[in-house]
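Residue numbers (our numbering), protein chains in the order written: chain A, 1 to 446; chain B, 1 to 150.
For reference, the structure is listed below as C-alpha cells.
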Amino acid sequence: MRSRSAGDPLPPVPVRTATARRWRPTFTMRRAATLLIFVVALALLTGWPHLVMLGLPLAVGTGLAWGSKQGQPDTELRVEFARMAEQSAPSEVAMTVTGLDRVEVAVLGLPVGMVRGRARRLVLGPQHDAETVDVRVDTTTWGVHEYGEAAMRVASGDGLFASEIVSTRVPPLRVLPSAHVLSAPELPARSAGQVGAHRTRRPGDGSELLEVREFRPGDRIRRIDWRVSARRDKLHVRHTAIDADAELVICVDPRHDLGPDVATWQERAADDADGRGRTSLDIAVSAAVTLATTYTRLGDRVALLDLAVPHRAVRPGSGRRQLMRIRWQLAGMTSGGTLSQRSFDESTLPRGAVTVILSAFMDDEITELARRLAATRRDAIAVDVLPDLDLPVERHERAAARLLLAEHDDRLAWLTRRGVLVTRWEPALFSALIRERQRSRQRRAA
Amino acid sequence: MTTDTAGLQATDSRTRRRAIGGRTLRLLLALATAGLFLSARAPAGISVDLVNVALLVVMCAATVALVATAFPTMVGVLAVMAAVWSGMGFSVWLVLTASLLYSMHLLAGLCEVIPATARIERGALRPSLIRWTQVQLATVPVLALLAAFL
C-alpha cells in the first residue's frame, strides 16, 4: 500500500489482481496472412511475378514480428488501493504490472479519473520486468465514490498477438467527511453513568474530592487520608464524588438533500452533485461529524442514528475508533428513503442522553418524531440544516418557495412550544444553546 | 454528497513522461492509407476530382474507425488490385506501394491494440519502430535494385 489514511480500521493492503495468460489471434495476423496469399495468388493468376514484390516488406516484417514472440504471456496486473480517504486529502491507487518480459506493449485502463465517462488509458513500453503506475486521487467531496475497473491488455509482434482484456473491479472509495472541533460546553452528565470525565455531586468511587472527615466505623481503610490524619492526630477519610459520563445521540434525517437553489429541489440528489452547492445533507453530515469529534474528544459517549435507514446506526461509545465508526457510517449516507418508525426506549436512546436531530424539517413526520422524543423527557435539540436559500426569480415559483419556508418555520416554532430546543446549524449558536441549557438546569437544581 | 466519480480527480505518476496520443497513431494510419492508394493508382495517373478525393477520405476514415475489424484487410486487397489495374510494373511506385502496404498494416496492427484515447509512452513504440526500420533497410534497396534493372 502506498498511502493510507490515518486511523484506517480496515485490514491492510486491499489488493485486486488480473492476469493475462494467453495470446489470441488478432485481425492483424489474419490480415498479414490474407494479403500475402492474395498477392501471391494474384501474381500467379496474372502472370506478373513482380506483384509478389508488393508483399515483400509485409512478409519480412511479419516474419520478424512472429520471431519476436517469446511464448505465452504471464502478465499480472496488481491494483493496490485505499478503501477510505479523508476529504480533501489525496489518496493513491498503485497499479503494478509484472511479467512484462514477454510483451512489447501493455495497455492499462486506469480505474480512476473517469473523465466524462471515459476511462484514461496508458500504454506502457516495458523496459523492466515490472512497471508501476501510481495514480493520485484527489477527493473533494465526502461520500462513496466508484473507482471503476482497472483493465489491461498486452500485445506483442506489432499487434500480431494480443491477450484478451483482463480487468478487475476496484471497490469504491469511501471519503470520510472532514472533522472539525467545536468549542462547545460540556454536556450534562448522565445520572446512570458510573465512569467518565464529568463531575457529579453523588458520593461514591470517583476522582473528584467531596470532603475530608473523621473516620467512622464502616469506612474503608484505603480511603484514609494519612497526611491529614497525621496532622490532626485523628483518622480522617477522603470522600469523593462519582465520575459520570455524558451521552450524545446524533440522529440524522437524510431524506431530503436540498441545495441552496430552490429551483433544483425537484432534481434527484445524484444529478449534478457538484453543481448544487452545499446541500442540507452536506450540512447535516458536517454538523454530525463536528459534534461527534468534539464530544468524543471530551471523553463522552456518542451514538449515531440514521432516521431513514434503521441498520445504519452506531451504538454509543467513546474514543477515536468510535469516531472513525461514526464517520464511516456518515460517509455512506445517501439521500432518500422514508422515516423509520422507531420507538425511543432505553436500548435505543439511553435516559439522560442528549439527542440532536439534524434535519431540514421539510415535513411533519420529522416534527412529530422530535415531539415524541421530547415527550419522553429526554434532552432533545432540533438542528435545522437547511442551507441559506436562493429564491427563484419567477414570481409563482418564488411564492411557492416562500410558502414552503413558512411551513418549515411553523414546524420549528411548533417544536419550540413543545419544549424542544431549536437552532440553525451554526457552531456558535449551538454552543450558546448548550450553555444556556446548562445554566437553566443549574438554576433549577439550585 | 455523491455516490459516483464526480468527486475524484486523478493524475498518474507518468503524466510527465514524453508520450504521444492514440489519435496521432490513427492520423499516421490515415496518411499511410491515403499514400498507399495514391501510389497504387499513380502509374495510371491520378485525377484530382471531388469524387476521388471523397472516396479516398471515406476510405481513410473507415480504416481508422474500423481498425479492429477486417476492413483494413479489405483496404489492402483493394490497394493491390488498384496496383494491378493501373498496370504497375517494376518501378519506383511499386517500391513505394510495397513499403506503404507494410506501413499501413503495421499501424493498423498497433491501432487495433491501442485505443484512440490512450496516452502512449514513447518506449512502447520502440520495438515496432525498430522492426519497421529493419524491414525498410532490408527490402527497399532490393526492390529499388530490381526496379532499376528489370
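The beta-carbon is built from N, C-alpha and C at its ideal position, and this holds for glycine as well.
- Under the three-state reduction of DSSP output, leucine 298 of chain A falls in the coil class, being neither helix nor strand.
- For histidine 408 of chain A, there is no enclosing beta strand (DSSP E); the enclosing alpha helix (DSSP H) covers residues 395-417.
- Separation of alanine 413 of chain A and leucine 404 of chain A (C-alpha to C-alpha, rounded to the nearest whole angstrom) is 14 Å.
- The distance from the Cβ of leucine 258 of chain A to that of serine 286 of chain A is about 15 Å, inconsistent with a contact at the 8 Å cut-off.
- For glutamate 104 of chain A, the closest Cβ of chain B is nearer than 8 Å.
- Here glycine 63 of chain A carries a helix assignment [DSSP, helix/strand/coil].
- Rounded to whole angstroms, alanine 89 of chain A and isoleucine 114 of chain B show a C-alpha spacing of 33 Å.
- Where methionine 88 of chain B is concerned, there is no enclosing beta strand (DSSP E), because DSSP gives it neither an H nor an E.
- Using a Cβ-Cβ distance cut-off of 8 Å, the segment 103-110 of chain B and the segment 72-82 of chain B are in contact, since at least three pairs of beta carbons, one from each stretch, lie closer than that value.
- Taken through DSSP and simplified to helix, strand or coil, alanine 19 of chain B comes out as strand.
- C-alpha of serine 91 of chain A to C-alpha of threonine 367 of chain A: approximately 40 Å in a straight line.
- In the three-state DSSP reduction, proline 127 of chain B falls in the helix class (H, G or I).
- If you look at serine 229 of chain A, you'll find it isn't in any beta strand (DSSP E); it sits in the alpha helix (DSSP H) that goes 226-232.
- Closer than 8 Å to the CB of valine 77 of chain B there is at least one CB belonging to chain A.
- Spanning the alpha carbons of threonine 294 of chain A and leucine 108 of chain A requires a straight line of approximately 44 Å.
- At a C-beta separation below 8 Å, valine 135 of chain B has these neighbours in chain A: Pro57, Val60, Gly61, Leu64.
- Residue environment for arginine 411 of chain A: buried (at least 16 other C-beta atoms within 10 angstroms of its C-beta).
- With 16 or more other CB atoms across the displayed protein chains lying within 10 angstroms of its CB, isoleucine 381 of chain A is buried.
- With a threshold of 8 Å between beta carbons, leucine 160 of chain A makes contact with chain B.
- Among the bridge pairs identified by DSSP, methionine 152 of chain A is matched with A:Leu108, A:Val166.
- The beta-bridge partner set that DSSP reports for proline 25 of chain A consists of A:Phe161.
- Residue environment for serine 340 of chain A: exposed (fewer than 16 other C-beta atoms within 10 angstroms of its C-beta).
- Threonine 140 of chain A has its alpha-carbon roughly 34 Å from the corresponding atom of alanine 124 of chain B.
- In the pairwise beta carbon analysis, the segment 317-324 of chain A is classified as touching the segment 294-308 of chain A: at least three pairs are separated by under 8 Å.
- Listed as beta-bridge partners of arginine 121 of chain A by DSSP are A:Gly109, B:Ala118.
- Between glycine 277 of chain A and aspartate 261 of chain A, the beta carbon gap of about 7 Å places them in contact (Cβ cut-off 8 Å).
- Taking C-beta separations shorter than 6 Å and ignoring five residues to either side along the sequence, the partners of aspartate 101 of chain A in its chain run Asp129, following chain order.
- A distance below 6 Å between beta-carbons, with the five flanking residues on each side excluded, links alanine 20 of chain A to the following residues of its chain, in chain order: Pro73, Thr75, Val154, Ser163, Val166.
- When Cβ-Cβ separations below 8 Å define contact, phenylalanine 37 of chain B makes no contact with chain A.
- Neighbours of isoleucine 120 of chain B in chain A, taken as residues at a C-beta separation under 7 Å, are given in chain order as Val123.
- Annotated as distal: leucine 415 of chain A and cysteine 251 of chain A, with beta-carbon spacing of 8 Å or more.
- Sequence-distant partners of leucine 429 of chain A (beyond 5 residues in either direction) whose C-beta falls short of 8 Å from its own C-beta, in its chain, are Thr423.
- Looking at the backbone, the Cα of alanine 406 of chain A and that of threonine 264 of chain A are separated by about 19 Å.
- A residue is called buried when at least 16 other Cβ atoms come within 10 angstroms of its Cβ; leucine 44 of chain A does not meet this threshold and is exposed.
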